[in-house]
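J.: Please see the structure below; I have some questions.
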Amino acid sequence: MFYGQQSRKRKRPTNGVFDPNDENKVKHTKVGVWNLYQEVPPPFRVASLIPASFTTWLEPHLEVLKSLPYVKRMFLDIGRIQYCLPLLVLLLLLDFVLSLMPALQLWYSGQFLKIVETALNTRTVDDRFLLRITTYQFACTVAAYLLGFAKTSLSTKLNLRIRLHYSTHSYYAIARLDVPTFSDDAVHQQLQSSVSMDSNSSVAWRMITGTMHIFGTIVKLVSQLSVLVAILKEQDDGLLLASLSFLKPLWSWFTRDRQSVHRGMGVWAATTVNEDYIRSQGLKKAISDTAHRQEIVAGNMWKYMLESYRDCMHRLGDDAMGFFEAKEHMQRRFRFSHILQNPINELPRIVFTLRAVHNPTSIPLSLASFNLITSTASSFSNTVLHMLDSTSSIADNFESVRRLYEVLNIPNKVVDGAKKFPEDARKIADGIEIEFRNVSFSYGDKRLYALHDVSFKILPGQLCVIIGPNGSGKSTILKLIARIYDPDEGQILIDGHDIQKLNLDDLRATISVLFQDYTHFPLSIHDNISLGCPPHAHDRSKVEQAARLGGADSFLSSLPDGLDTYLDRPVNDIYAGIPEGTKTLFGRNVNYKGIRGAGRMTTSAKSSLSGGQMQRIALSRTFMRSLDQERPVGLLLFDEPSASLDPIAEHDLFERLRNLRGSKTMIFSSHRFGNLTRHADLILYINNSAVIEEGTHAELMAKKDSKYAEIWSIQARAFLP
């Protein structure tokens, strides 16, 4: 990717009035995967200063020794990343050489002082020696700048590669967690503490730079101290002057400003249309949100999502950067003017030396000594203070590395079983038998049961409808069957096997589930549906078929991008810090309409689909799982599937479900009674976390004092004249 590629639309003739809707007055710049659109400014544009704060330091501070094995593991992992080991060695070498530069420049300054002293004492000067020292010092300055520029460029490349590696590392650590583990506040804190506070860096990179800074500072201290002591020995009151020189950097250190400013770019906006970058951010956001966790777990999605994330990262390569990081990288240019800055700063000293040579009695030697001593003492003290800053956070860096690897060891609360399921894959299409034996479960408070002493049996191929008021425990039964949670008491049997002994991947591969509290991932509609069956996620024909079965095809054709429409775009467009509708310093209105038009941006990153349309997408994802012929589904679970549907859509849905069912076991939960209960082989009426009644519709209606019959009659009267 070439950074900083620019294009500017041809301007139309104007009368001198700026039209914010004129796309021809927008400059386009390619910044990595980002498209930057800047308003072509009118004359006398004034740049603005936008304040920004540095990232915060991690607070936990534990013993360094406990973290050493993890630090060793980190460096071994980095060494396995392609080209990282030679890049890291080269970076360390550059840092070591740069650490010696201050002492070398200090030694050259001492040579200037000796030239002055010789001139005052002997009234002569060695011109060749003076020229040689001046040339060497200039060469040292140029070398320091070139080495510094090379180090910065190398650091950017190395940081990006390490960050990409640990981005996948963190994605794996989070994606594999089950619902109760991921919902644990302590686990959340542990996950948050394992990632870098800076999105442009990583824990591993901060550890590397922190360690380099410590060793680099030690080299600076030793080398500068050696030169400084040699200089101070030859000067009167040198130690006193050096001590007094510490006051200025100490005062600066205690009163330093931690804010930074960045020069603004006027009215601008940035967007990206890179599918890999957008999708990778959506996948990352999906596994980081608690709302998506149970669908990821129940649907066996995390392995496919991890592989998709890896593929996106591989294709992006060095372009996997956020806008501001890419912008900073683009703006980093080699500038010859920077080379001249330090030599220009040395000109007063050179002039002073020449004046001292031609008129030694006019400028005392003590003045030159004072200048050198104070400058060297100040440099030395600054190095010491930076050392103090670094050592105060080195333990935090070590501990952060330990947390980075410990998240891989977080055990899931729902323990995987070893038994393969099903024993005979050919029989799974005929349905699955489910039995609850005295099952009790609570979500947190053990005194408040979501289910209490529940027992029932659903035979293979039966249609079961679970009826009851809200909060009675209907959804909990489905979550226990999908093994989102484990019961506190009792036993659940699947085809006669203890559910906790079955392999989780095998179990969930035989189940298709739609939860009442379903969610949509921050991905395209295609990805939202295809994740229902990861093995066929790339089969667009199956995705389209699932969309038809779920009823989503009726509105997909009206969307601009159809199946490729994003419900919640994970990468937001970025705008200048100047609010739209305000006026600039010269009274011009700020309007982003022209910039949005040039970049095909929208005012909102979220879709405007209705609740019923969103539910149809969720239904389509559930149907997608049922289209897998290689690993057929034997159990269909639907939790309030028609909650957001109108009566006609509800009727059509149930017809499609009955046709799709075949001989599979199907379980519905609902608080509404309807035609579905008439076709049910088994009805479970639940109230207050317990099964009150069970049977067919006819049996329960004929039962004396039936609570089911009472509530069914109440609902039926609403439709009678």
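Take 1 as the starting number for the sequence shown in UniProt numbering and just add one per residue.
We treat Cβ as the ideally placed atom computed from N, Cα and C, and that holds for glycine.
(1) In terms of DSSP beta bridges, what is Ile-492 paired with?
(2) Check each candidate in Val-33, Met-301 and Arg-128 and name the one with the smallest Cα separation from His-536.
(3) Taking C-alpha atoms, which residue in Ser-170, Leu-147, Ser-440 and Phe-398 lies nearest to Asp-486?
(4) Would Val-401 pass as a contact of Met-207 if the rule is Cβ separation under 8 angstroms?
(5) Report the three-state DSSP secondary structure of Ser-199 (helix, strand or coil).
(6) Rounded C-beta distance between Val-414 and Asp-561? I'm assuming under 8 angstroms.
(7) Whole angstroms are fine: how far does the CA of Val-40 sit from the CA of Lys-25?
(8) Could you tell me the distance, in whole angstroms, from the CA atom of Met-601 to the CA atom of Asp-506?
(9) With three or more C-beta pairs closer than 8 angstroms as the rule, is the region 650 to 662 touching the region 680 to 696?
(10) Write down the C-beta distance between Leu-645 and Ser-607 rounded to the nearest angstrom, noting that I regard them as a contact closer than 8 angstroms.
(11) Secondary structure at Cys-84, three-state DSSP: helix, strand or coil?
(12) Looking at the unbroken beta strand (DSSP E) that takes in Ala-690, where does it start and where does it end?
(13) Is it true that the CB of Leu-637 sits closer than 8 angstroms to the CB of Ala-482?
(14) Whole beta strand (DSSP E) runs in the region 491 to 538 with 3 or more residues, listed along the chain?
(15) Taking Ala-270 as part of the beta strand (DSSP E), name the residues at either end of that continuous run.
(16) Start and end of the beta strand (DSSP E) containing Phe-638?
(17) Would the region 492 to 502 and the region 538 to 552 be scored as touching if the rule is three or more Cβ pairs under 8 angstroms?
(18) Give me the DSSP bridge partner(s) of Ile-410.
(19) Using DSSP bridges, identify the partner residues of Thr-441.
(20) Leaving aside the five residues before and after Val-33 along the sequence, list all residues of the same chain whose C-beta is less than 6 angstroms from its C-beta, in chain order.
(21) I'd like to confirm the pairing. Which residues does DSSP put opposite Gln-715 in its beta bridges?
(22) In whole angstroms, what is the alpha-carbon distance linking Leu-87 and Tyr-309?
(23) Hey, how far is the Cα of Ala-269 from the Cα of Phe-555?
(24) So who's on the other strand from Val-465, going by DSSP bridges?
(25) In whole angstroms, give me the CA-to-CA distance for Gly-216 and Pro-102.
(26) Could you tell me the alpha carbon to alpha carbon distance between Gly-431 and His-526, rounded to whole angstroms?
(27) Below 8 angstroms on the Cβ atoms is my guess for Ala-175 versus Ile-287; work out the distance and round it to an integer in Å.
(28) Using the Cα positions of Ile-714 and Tyr-708, report the straight-line distance between them to the nearest angstrom.
(29) Quick one: give me the first and last residue of the alpha helix (DSSP H) that Ile-481 is part of.
(30) Would you mind reading off the limits of the alpha helix (DSSP H) that contains Asp-276?
(31) For the alpha helix (DSSP H) that contains Asn-159, what are its first and last residues?
(32) With a cut-off of 8 angstroms, do at least 3 Cβ pairs link the region 443 to 455 to the region 507 to 519?
T.: So, from the data block:
(1) Under the DSSP definition of a beta bridge, Ile-492 partners with Phe-436.
(2) Met-301
(3) Ser-440
(4) Cβ atoms of Val-401 and Met-207: closer than 8 angstroms.
(5) In the three-state scheme derived from DSSP, where H, G and I count as helix and E and B as strand, Ser-199 is classed as coil.
(6) Their Cβ separation, rounded to whole angstroms, is 37 angstroms, which puts Val-414 and Asp-561 out of contact at 8 angstroms.
(7) 5 angstroms
(8) 43 angstroms
(9) no
(10) The pair is not a contact, with the Cβ atoms about 18 angstroms apart (cut-off 8 angstroms).
(11) helix
(12) 690 to 695
(13) In this structure, Leu-637 lies closer than 8 angstroms to Ala-482 by Cβ.
(14) 511 to 514
(15) 268 to 272
(16) 635 to 639
(17) no
(18) In DSSP, Ile-410 forms no bridge with anything.
(19) One detail in the question is off: residue 441 reads as Phe in this sequence, not Thr. In DSSP, Phe-441 forms a bridge with Leu-451.
(20) Thr-272, Asn-274, Tyr-277 and Asp-319
(21) In DSSP, Gln-715 forms no bridge with anything.
(22) Roughly 25 angstroms separates the two Cα atoms.
(23) 31 angstroms
(24) Phe-668 and Ile-683
(25) 11 angstroms
(26) 29 angstroms
(27) 4 angstroms
(28) For Ile-714 and Tyr-708, the distance between alpha carbons rounds to 10 angstroms.
(29) In this chain, the alpha helix (DSSP H) harbouring Ile-481 covers 474 to 481.
(30) Element bounds for Asp-276: 275 to 288.
(31) That run of the alpha helix (DSSP H) goes 127 to 175.
(32) no
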